Structure formats: structure tokens, C-alpha cells
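> In our numbering, the protein residues as written are 22 to 278. For every residue, glycine included, the Cβ atom is placed at its ideal position computed from N, Cα and C. Since the model is a prediction, treat every value here as computed from it, not as a measurement. Provided herewith is a single structure, encoded as C-alpha cells, for subsequent inquiry.
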């Protein structure tokens, strides 16, 4: 396989984990199989950028100008963050011009808003952070927004949901470029709980189990997810929560298939 250039676009207000999460995956893949990737970062003018958490990222090069060695990368990656709310028009113009030339176009979190602003998601299935899916659908009706999956692949374009889901998408791309064993090896190295499939919901059952306002009910919700094959009748759950069946709500969790 020929070496593939990966270009991370960075800008002021970028979410640092949207960059460093996938970057660590691809850097690990390069260490695992040397010659797989050439990884570059670039800002509009090549100047350092300040992330939403206050870190300073020093890019390898500028997106504009004669020194742009990665003007036509194999994979163009656009992270999210506060800087996507009012993007620099020059960045949107650059994406509009260069996005169609990349063999693979990837966004993490609200980076989907930048791709959409450049018209690159028109008629495409896409996702973004769950808190912004409705806004993306309203702002860009030509985009077929899917709020549930942690990442969506539509042809050469891949979009991921909130923050850490960029790691899941990066692992999926490594599996595509190398093989499943390489992706699983990286997942273990990064201490990722599981290499989640793209169609997994942004809200896991474990997260849902933390939503009850009362502590006894949160404990019962968690217990249900961990013991799906036990007695889940109202009487049994009420006893576990030290409530009477009359005051105990019916269980809302479903048995895993």
C-alpha cells in the first residue's frame, strides 16, 4: 500500500481531543506498520492556534501559500470545537476548493459544520455531536443528519459524533487501510474499552443508567444493565431499591438481544 498523507486542519478554538485522539491512532498505526501514513497538521497561515482548552498547537505548515506540501492529501481531517461556530470564511473557501480532491474526507464532532458550510455534505448522510444534530439539520437541510450513530460513512466522506468518537472512527479507518488485527492492537494500546461499531448509539445503556435523579433508582438502573438474566419484575426491583411496588416505577431498561 502506498503511503497515505493525512492532513489535520487546525484553527483557533479547535477541540484539542478532536485532533489528538485520532492523531494518536494514526501515529500508532504508523509505528505498527512503518510507511503507512504521513501525518501533517496545518492552519490557514501556518501560525500556532489556541485550542478551546487553552493549549497551543504549532502546525507543520500553512493551508495557503506555496509551502503547502499537503495540498492534496489522501485523507483530510476536520476537527470540531468552538471555532466552528463562526468559522473563518477563508477556511470554508479552502475546504470548498480542496475537499473534493481528497480521497477521504473526515470530520470529528462539530467539524461537520465546516464541511457542511463548504457544501461538502449536501445530499450526504452525516452525524455530529448529539447536542448539535438538530442545529445542523436546521442550518443545512441538504444534509441528511443521523443523530444516533457514533460515526457515519457515506462513500468517501466519514463524520463522527462527539469528541472521543473520533478515536472510534480513526480505528475503523486503520482497519480499512491495514487490517482488523492492527486496529484491535491499537485499541488495546490506547486502553480503549471496545472498538465500537459506527452504528452504536451516542448514548450507551451505561450512560442512560446515570440519568435517574434519585440514587436508589440509579443503582437499580445500573444493576439491570449488569444482570439482564435475573428477575426484573417490579417486586424484585422494588425490593432492591428498598421501595414498595406501589411507589416503584416500572423498569425502563430492556433486555439486550
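Along the alpha helix (DSSP H) that carries residue 188, what are the first and last residues, could you check?
First-last of the alpha helix (DSSP H) with residue 188: 186-198.
> Using a Cβ-Cβ cut-off of 7 Å (strictly less than) and excluding sequence neighbours within five positions of residue 104, which residues of its own chain qualify?
Excluding residues within five positions, the ones whose Cβ falls inside 7 Å are 32, 33, 34 and 35.
> Looking at residue 127 and residue 98, is the spacing between their C-beta atoms short of 8 Å?
Result yes, Cβ atoms of residue 98 and residue 127 sit closer than 8 Å.
> CA-CA distance, residue 85 and residue 96?
Each residue's Cα considered, the two are about 18 Å apart.
> Rounded to whole angstroms, what is the Cα-Cα separation between residue 62 and residue 204?
Their backbone Cα atoms lie some 22 Å apart in a straight line.
> Leaving out the 5 sequence neighbours to the left and right, which residues in its chain are closer than 7 Å to residue 39 when beta-carbon positions are compared?
Same-chain partners within the cutoff: 100, 101, 102, 129, 130, 132, 184 and 187.
> Hey, out of 174, 173, 192 and 57, whose CA is closest to residue 210's CA?
Ranking the options by Cα distance to residue 210, first place goes to 192.
> Which partner residues does residue 102 have in the DSSP bridge list?
In DSSP, residue 102 forms a bridge with 35.
> Among the candidates 68, 66, 44 and 70, whose CA atom is the shortest distance from the CA of residue 58?
Nearest option by C-alpha distance: 44.
> Alpha carbon to alpha carbon, what distance is there between residue 252 and residue 199?
If you take the alpha carbons of residue 199 and residue 252, they lie about 45 Å apart.
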